[in-house]
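As structure tokens, the structure follows; a few thoughts come after it.
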Amino acid sequence: MNNTEEPMLLREGDEARHWDTEKWKETGATLLSPLEKGQLLLKCDDGCFEDVKLKDIKGCNFPEAVGREPVTTLWSAWLAASIFMRTDLDLEEMTKFHREEAVCFDSEALRAVLKMAYNKCVD
Numbered sequence: 340m341n342n343t344e345e346p347m348l349l350r351e352g353d354e355a356r357h358w359d360t361e362k363w364k365e366t367g368a369t370l371l372s373p374l375e376k377g378q379l380l381l382k383c384d385d386g387c388f389e390d391v392k393l394k395d396i397k398g399c400n401f402p403e404a405v406g407r408e409p410v411t412t413l414w415s416a417w418l419a420a421s422i423f424m425r426t427d428l429d430l431e432e433m434t435k436f437h438r439e440e441a442v443c444f445d446s447e448a449l450r451a452v453l454k455m456a457y458n459k460c461v462d
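The numbering of the sequence shown is the working numbering, which starts it at 340 and goes up by one.
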């Protein structure tokens, strides 16, 4: 649980836990491999995301090459948007984190991804 305004950056193998004054509480998650991507591995069965690119996520300024990448799952879109919405990193660092598939959850990025998905999937 991140109770601050600062994004939390996790990498493969890092553990997310809640800190208590007594000890670590076993209420978090451990990312062991890229195959364990959580609950946002959602794909539209109607093919709504077939022609959607990362650049279609409003409010996120992707570099041109990254912006052309397809949105395959909401999870991957959230990861990318979370990195490129950061203001504390330069473009080189963001690109490096994106290539490494670093996990940096950002609530505004999630909001932008879900809004994009809603706009693409609702008739």
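Ideal placement from N, C-alpha and C gives every residue a C-beta, glycine not left out.
{"Query": "How close, in whole Å, do the beta carbons of K459 and F388 come, if the pair is a contact with beta carbons under 8 Å?", "Result": "7 Å"}
{"Query": "Residue range of the beta strand (DSSP E) that V442 falls in?", "Result": "442 to 444"}
{"Query": "Would you call S421 buried or exposed, if buried means 16 or more other Cβ atoms sit within 10 Å of its Cβ?", "Result": "buried"}
{"Query": "Taking V452 and W417 to be in contact with their CB atoms under 8 Å, please state how far apart those CB atoms are, rounded to whole angstroms.", "Result": "5 Å"}
{"Query": "Starting from I422, trace the alpha helix (DSSP H) in both directions and tell me its first and last residue.", "Result": "413 to 423"}
{"Query": "Please classify K392: does DSSP put it in a helix, a strand, or coil?", "Result": "strand"}
{"Query": "What residues are listed by DSSP as bridge partners for P402?", "Result": "DSSP, once it has assigned bridges, lists no residue as partnering P402."}
{"Query": "Which residues in the same chain have their Cβ closer than 8 Å to the Cβ of T434, if we skip the five residues on either side of it in sequence?", "Result": "P402, V405"}
{"Query": "Of the residues D395, L430, E439, which one's Cα is nearest the Cα of A448?", "Result": "D395"}
{"Query": "Leaving out the 5 sequence neighbours to the left and right, which residues in its chain are closer than 8 Å to R425 when beta-carbon positions are compared?", "Result": "P346, M433, C443, D445"}
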